[in-house]
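In what follows, a structure is listed as structure tokens, so that the remarks can point back to it.
Numbering (the UniProt record's numbering), first residue to last: 1 to 66.
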């Protein structure tokens, strides 16, 4: 199964980046994303306070945040 997952990610040019941050306090925070490569497309950013199950598609979409 791991080989089929690698082939899927390669064929769709999917890349994942996982980062962990410690926040000193609860409340509103700002996440800034800067364009480095004009050919790069960011399709989804997932922010979670808990571990998410492994999935190639991420969690289901929810309401937009404004």
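A virtual CB, placed ideally from N, CA and C, is assigned to each residue, including glycine.
Does the separation of the CB atoms of residue i and residue j fall below 8 Å?
i, j, result
"residue 30", "residue 42", "no"
"residue 52", "residue 46", "yes"
Pick helix, strand or coil for residue i, following the three-state DSSP scheme.
i, result
"residue 8", "helix"
"residue 43", "coil"
"residue 28", "coil"
By Cβ distance below 7 Å, which residues in the same chain neighbour residue i in space, the five residues on each side in sequence not counted?
i, result
"residue 18", "none"
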